[in-house]
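Trainee: To start, I am sharing the structure in question, which I have written as structure tokens.
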Amino acid sequence: MTNTLFIDGKEVEYTDEPNLLEVIRKAGMNVPTFCYRPDLTSFGACRMCVVEVEGRGIQSSCTMPPEPGLKIHLNTEKTRRIRKTVLELLLANHDRSCLTCEKSGDCELQKYSEEYGIKKIRYADKDEYLPIDDTSPSIVRDPNKCILCGACVRACTEFQGHSVLGFVNRGSKTVVEPIRPLGQSDCVNCGQCVAVCPTGALTIKSNIDDVWSRITDPTKRVIAHIAPSVRVALGEMFGLEPGENTIGKIDAALRKIGFDMVFDTNFGADLTIMEEATEFLDRLKTGKNLPLFTSCCPAWIKYIETMHPDMLNHLSSCKSPMSMQSPVLVDLVPKMLGIDRKDLTVVAIMPCTAKKFEALRPEMSQNGVQDTDFVLTTKELGKMIKTAGIDFNALEPEKPDSPFGEYSGAGTIFGASGGVAEAAVRTAYEFATGEILKDVDIKELRGTTNRCRDVEIDIKGTKVVVRVVSTLKEAEKSLKEIKSGKAQFQMLEVMACPGGCINGGGQPTSCNNSKIKAERAAGLYKEDRELSERKSHMNSSVQKLYQEFLEHPNSHKAHELLHTVYTDRLKNSYRNIESV
Amino acid sequence: MLGGADMSIATKISTKKLDEILQIYDYKKSNLIAILQKVQEEYRYLPEEAMIYIGTKIEGLSPATVLGVATFYAQFSLEPKGKFEIKVCDGTACHVRGSMPVLNAIRQKLNMKEGQLTSENGLFSLETVSCLGACGLAPVVVINEKVYPQMTSDAINIVLDTLLKEEE
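Sequence order for the protein chains is A and B.
The opening position of the first sequence corresponds to residue 1 in the working numbering, with each subsequent residue numbered one higher.
The opening position of the second sequence corresponds to residue 1001 in the working numbering, with each subsequent residue numbered one higher.
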């Protein structure tokens, strides 16, 4: 039902918006906020979004539901004064080293302080600085920059059901903390806390300097491969629309920065499907270890290892696209270039903070050397492009290097929730039946808002149910179903970030607009439609790699390079309380 | 964050005992405060392992959430408390009637530093509270359940001497 209310004298329609702030935004206006995130519950902590409601006084617009006929005013003497006071009080307790802050330029506190004309902080600097927690390979936590908006706590709880971060103590002593330093905690490194943090309290652990030093080193050849989701989000850092595919510009920018060769993780995704589809069909045949869990998401892997080590057998033994692509490059590129492995640096460009953890896993190393030397997130790459003074938008698109830069549409949709399952089904169908799958668009598997969906696939008479979930909170429900014997699905695709990797913790900030996920996903599906090959096994470079090197899917060589094992992390976790 | 290793040495918790307590309260999230009270009764504080254990056993909770509740309420202690829990009221009435000299006398007698919760021998714990609602008796000290009215430095010394003697 449509009702109306008045914003600054203008009649505005609304339907099912949960709060005034959403009505305001829908009407094309805005009020500042730190704690409100459309994908999380309203919290009403920061008081920046206050508006004046006639007859009701000052109200926080993020918690007040709309009512017909309400007359609200966004920008009054009173609201301006309140917001300014809120900012001053927040700054009184805030680390003031803005210039050197990782979040500088992308910080909402900095932005609103500027917009509200804070020229001086009337209060003395805080007298006690708390230690910075940089124990995690993915996330840096600086409590001195925390404004206690609680967005990270809600993200950890409402997305992942994991609650690694929580409020500790009360009143002026309140801090947001994990029970152990992040690197030693259950944190799965998904980075959703970073994605929703309005300040520099939670930031991505940067590997930019590591990569620059390798690029500068004349003895090193540096190569990169780029994950699907990066191409439809990086442009946002340069004023382009979400979902605009900039892969050609990214390839060009990387070469300008000084990368010697540029490949595409989508090639690795195609490899993943070759292996995973074969593995899935094997499991269907034997009926063992079903449902099969996809294994591309490093946050999901760590979650299972920590919380449900008894279910590790369900996980596909396939490495992720990143960790398939890198060892193939490590094995073959030095031969192509006539150099030693030690003179090659492999950089993976990912939408994901947890990939930094994955790269460090001993299983992803050969002879003690990591296959992926460094992981850069989309945001870090954007910063490097800026450092290099490259006019990104003016770049002429370039092609990736051959042969590990070619990919199918199946590879590119890996970035969206449901994409891995769709890619697997496209190939599994043809592997199982020997027939050509005519309609490759399995639209029921797609979507960035519905976090759990079951889709029945008919593989020539054999009915298979594929479940797609995003967020670990949803995944946990599916695991419970399996444990109670009620599960009716044979494949479970899990991506820890809501909507999939396109909304990863390393992507450009998008937490104030929940539509961006769908736009980025649409960018990937568009590329899929436009590619000549849309099935992983039709990627001619992949076919060639199998002919010349890997023999066939699940071969001995493939297992050596492309498959992995998992670890019971509960055993050594602080969660594992010894019974006395 | 919690101290980790150091604190784990302090008390060996019994998961059996914790399960008994959790059982009474049906492993329910909404009973968390009651559960923590029972655990504190058992150990005289909330051992880290106990909080982690509870956080992993109750659906919808995590160790960090339990820590959050435990540190929010003044009634919960993360350090072991003494056999005798001394509460010195420092509400307005008690304060103006001289609660601070009483507090200092206790510290001196028990050889405790400012900010120290429990005496070296583990016998006494000492904290100030805001108001006990017995302003007519100010300044008030409560030891375990017993109220000691109109305290002075001398009077509290006699009380403590008696308790120490009992313990010998």
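Beta carbons are placed, not taken as given, at the ideal position from N, Cα and C, and that holds for glycine.
Interface residues of chain B around isoleucine 577 of chain A at Cβ under 9 Å?
Mentor: Per Cβ cutoff of 9 Å: Ile1013, Thr1015, Leu1018, Glu1049, Ala1050, Ile1052, Tyr1053 and Thr1056.
Trainee: Please report how far the alpha carbon of glutamate 435 of chain A lies from the alpha carbon of lysine 571 of chain A, in whole angstroms.
Mentor: In a straight line, the C-alpha of glutamate 435 of chain A is about 46 Å away from that of lysine 571 of chain A.
Trainee: Return the bridge partner residues of arginine 467 of chain A from the DSSP annotation.
Mentor: Arginine 467 of chain A pairs with A:Asp454 and A:Leu492.
Trainee: List the whole-angstrom C-beta distance separating valine 347 of chain A from valine 222 of chain A, where the pair is believed to meet the contact cut-off of C-beta under 8 Å.
Mentor: At roughly 6 Å, the Cβ-Cβ gap stays under 8 Å, so valine 347 of chain A and valine 222 of chain A are in contact.
Trainee: Leaving aside the five residues before and after alanine 1070 of chain B along the sequence, list all residues of the same chain whose C-beta is less than 7 Å from its C-beta, in chain order.
Mentor: Cβ neighbours of alanine 1070 of chain B beyond the five flanking positions: Leu1036, Leu1046, Met1051, Phe1076 and Leu1078.
Trainee: What residues match up with arginine 221 of chain A in a beta bridge as DSSP calls it?
Mentor: Per DSSP, A:Leu344.
Trainee: Which residues, in order along the segment 164-180 of chain A, keep a beta-carbon less than 7 Å from a beta-carbon of chain B?
Mentor: Those residues of the segment 164-180 of chain A that come within reach of chain B (Cβ to Cβ, closer than 7 Å) are Val164, Leu165, Gly166, Phe167, Val168, Asn169, Arg170, Glu177, Pro178, Ile179 and Arg180.
Trainee: So with CB distances below 9 Å, who are the chain B contacts of tyrosine 303 of chain A?
Mentor: None at all; the shortest Cβ gap to chain B is about 13 Å.
Trainee: Between the beta-carbon of valine 153 of chain A and the beta-carbon of leucine 182 of chain A, is there less than 9 Å?
Mentor: Their beta carbons are not under 9 Å apart, which means valine 153 of chain A does not touch leucine 182 of chain A by this criterion.
Trainee: Using a beta-carbon distance below 9 Å, is histidine 308 of chain A in contact with chain B?
Mentor: Answer no: the Cβ-Cβ gap between histidine 308 of chain A and chain B never drops below 9 Å.
Trainee: At the 9 Å Cβ level, is tyrosine 129 of chain A part of the contact set with chain B, yes or no?
Mentor: Not closer than 9 Å to any Cβ of chain B, the Cβ of tyrosine 129 of chain A fails to qualify, so no.
Trainee: May I ask you to verify whether the segment 184-202 of chain A touches the segment 302-309 of chain A, counting CB pairs closer than 8 Å and requiring at least 3?
Mentor: Cβ pair count under 8 Å is three or more, so yes.
Trainee: Between which residues of its own chain and asparagine 1104 of chain B is the CB-CB distance below 8 Å, once the five residues before and five after are set aside?
Mentor: Cβ neighbours of asparagine 1104 of chain B beyond the five flanking positions: Ser1153.
Trainee: Give the straight-line distance between the Cα atoms of isoleucine 1106 of chain B and valine 1141 of chain B, rounded to the nearest whole angstrom.
Mentor: Cα-Cα distance, rounded: 11 Å.
Trainee: Between which two residues does the beta strand (DSSP E) containing glutamine 59 of chain A stretch?
Mentor: Here the beta strand (DSSP E) through glutamine 59 of chain A covers 57-60.
Trainee: Determine, using beta carbons only, whether serine 1062 of chain B comes closer than 9 Å to chain A.
Mentor: Yes, serine 1062 of chain B counts as interfacial toward chain A.
Trainee: Give the interface partners of histidine 559 of chain A over in chain B, defined as CB-CB distance under 7 Å, in chain order.
Mentor: Those within 7 Å of histidine 559 of chain A in chain B number zero; the least Cβ separation is about 35 Å.
Trainee: Below 7 Å CB to CB, which residues in the same chain sit around threonine 63 of chain A once its five sequence neighbours on both sides are set aside?
Mentor: Closer than 7 Å at the Cβ level, and outside the excluded window around threonine 63 of chain A, lie Asn19, Ser42 and Gly44.
Trainee: Measure from the alpha carbon of serine 320 of chain A to the alpha carbon of each residue in A:Ala253, A:Lys342, A:Lys285 and A:Glu358, then state which is nearest.
Mentor: Nearest C-alpha to serine 320 of chain A: A:Glu358.
Trainee: What is the DSSP secondary structure of lysine 1023 of chain B, counted as helix, strand or coil?
Mentor: Inspection of the sequence shows that residue 1023 of chain B is occupied by glutamine rather than by lysine. Residue state, collapsed to three classes: helix.
Trainee: From this set, A:Val86, A:Ser229 and A:Ile516, which residue's C-alpha is nearest valine 420 of chain A's C-alpha?
Mentor: Of the listed residues, the one whose Cα sits closest to valine 420 of chain A is A:Ser229.
Trainee: In the DSSP assignment, what residue or residues form a beta bridge with leucine 5 of chain A?
Mentor: Answer is A:Val12.
Trainee: Is there a Cβ of chain B sitting closer than 9 Å to that of tyrosine 574 of chain A, yes or no?
Mentor: Cβ-Cβ to chain B under 9 Å: yes for tyrosine 574 of chain A.
Trainee: State whether the segment 121-130 of chain A contacts the segment 7-18 of chain A, with contact taken as three or more CB pairs (one from each stretch) at a distance under 8 Å.
Mentor: Taking 8 Å as the limit for Cβ pairs, the verdict is that the segment 7-18 of chain A does not touch the segment 121-130 of chain A.
Trainee: Here's the rule I'm using: 16 or more other beta-carbon atoms within 10 Å means buried, otherwise exposed. How should alanine 1005 of chain B be labelled?
Mentor: With a pLDDT of 40 at alanine 1005 of chain B, under the threshold of 50, the predicted position of this residue should be treated as unreliable, though the coordinate-derived value follows. That one is exposed.
Trainee: What does phenylalanine 1072 of chain B touch in chain A if you count any residue whose Cβ is under 8 Å from its own?
Mentor: Ordered by position in chain A, the residues that pass the 8 Å Cβ test against phenylalanine 1072 of chain B are Phe167, Asn169 and Arg170.
Trainee: Hey, out of A:Asp106, A:Arg214 and A:Asn576, whose CA is closest to threonine 509 of chain A's CA?
Mentor: Ranking the options by Cα distance to threonine 509 of chain A, first place goes to A:Asp106.
Trainee: Please state whether DSSP places serine 365 of chain A in a helix, a strand or coil.
Mentor: In this structure, serine 365 of chain A counts as strand in the three-state DSSP scheme.
Trainee: Per DSSP, glutamine 370 of chain A is paired with what?
Mentor: Answer is A:Ser365, bridged to glutamine 370 of chain A.
Trainee: Anything in chain A within Cβ reach of threonine 1065 of chain B, meaning under 7 Å, just list it in chain order.
Mentor: Near threonine 1065 of chain B (Cβ distances below 7 Å), the residues of chain A are Ser163 and Gly166.
Trainee: Taking 9 Å as the CB-CB limit, is glycine 1115 of chain B close to chain A?
Mentor: Taking Cβ atoms only, chain A never reaches closer than 9 Å to glycine 1115 of chain B, which makes this a no.
Trainee: Let me see if you follow: with CB-CB separation under 9 Å, is aspartate 134 of chain A close to chain B or not?
Mentor: For aspartate 134 of chain A, the answer is no, since every Cβ of chain B falls outside 9 Å of its Cβ.
Trainee: Given a threshold of 16 other Cβ atoms within 10 Å of its Cβ, counted over all protein chains shown, does proline 291 of chain A qualify as buried or as exposed?
Mentor: The residue in question, proline 291 of chain A, is buried, as its Cβ has 16 or more Cβ neighbours within 10 Å.
Trainee: Quick check: the Cα distance between arginine 1044 of chain B and methionine 1151 of chain B, rounded to an integer number of angstroms?
Mentor: Approximately 26 Å between the Cα atoms of the pair.
Trainee: Looking at chain B, is there any beta carbon in it that lies within less than 9 Å of the beta carbon of threonine 471 of chain A?
Mentor: No, threonine 471 of chain A does not count as interfacial toward chain B.
Trainee: From the DSSP output, which residues share a beta bridge with proline 178 of chain A?
Mentor: Paired residue(s): A:Leu165.
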